[in-house]
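A.B. asks:
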Amino acid sequence: MLKCKHVEQRADALVDGERLPFGEHLALRAHLMICRHCRRYLRQLQALVRTLRRSPAPLSDTHTEALVERIVDRQSE
Ligand SMILES: [Zn+2]
């Protein structure tokens, strides 16, 4: 079974709709079905990406990273 860390590492690919190898995609989905923590993490990441895409002024990578880090920090509280 995949670990949460693995899902976190691939979360951006999932959110971007990037094509993952079939086996990996399946394993990630299976993990998301049983892991509330990762489901919530992915949902927040998706919301963040949507917000950023709607944002009229493109944010710098540094700003984006800071936002993501803030969300990740909140996760581990
Ligand atoms: Zn998990």
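Going by our numbering, 67 is the number at position 67 of the sequence shown; the sequence numbering is gapless. Virtual Cβ for every residue (Gly too), placed ideally from N, Cα, C. Every value quoted in this text rests on a predicted model; they were computed, and no experiment measured them.
Could you check the C-alpha separation between L52 and M1 for me, to the nearest Å?
C.D. replies: Spanning the two alpha carbons is a distance of roughly 32 Å.
A.B. asks: Along the alpha helix (DSSP H) that carries E18, what are the first and last residues, could you check?
C.D. replies: Unbroken run through E18: none, as it is neither H nor E.
A.B. asks: What residues in its chain sit with their C-beta under 7 Å from that of L67, if we drop five residues either side in the sequence?
C.D. replies: Correct list, in chain order: L48.
A.B. asks: Taking buried to mean at least 16 other C-beta atoms within 10 Å of its own C-beta, is R29 buried or exposed?
C.D. replies: Answer is exposed; the Cβ neighbour count stays below 16.
A.B. asks: Are the region 35-48 and the region 2-19 touching by the rule of at least three beta carbon pairs closer than 8 Å?
C.D. replies: The region 35-48 vs the region 2-19: in contact.
A.B. asks: Taking the alpha helix (DSSP H) that A47 belongs to, which residues open and close that run?
C.D. replies: Unbroken alpha helix (DSSP H) run through A47: R36 to R54.
A.B. asks: Can you list, in chain order, the residues of its chain whose CB lies under 6 Å from that of I71, leaving out five sequence neighbours each side?
C.D. replies: Excluding positions up to five away in sequence, the list reads Q44.
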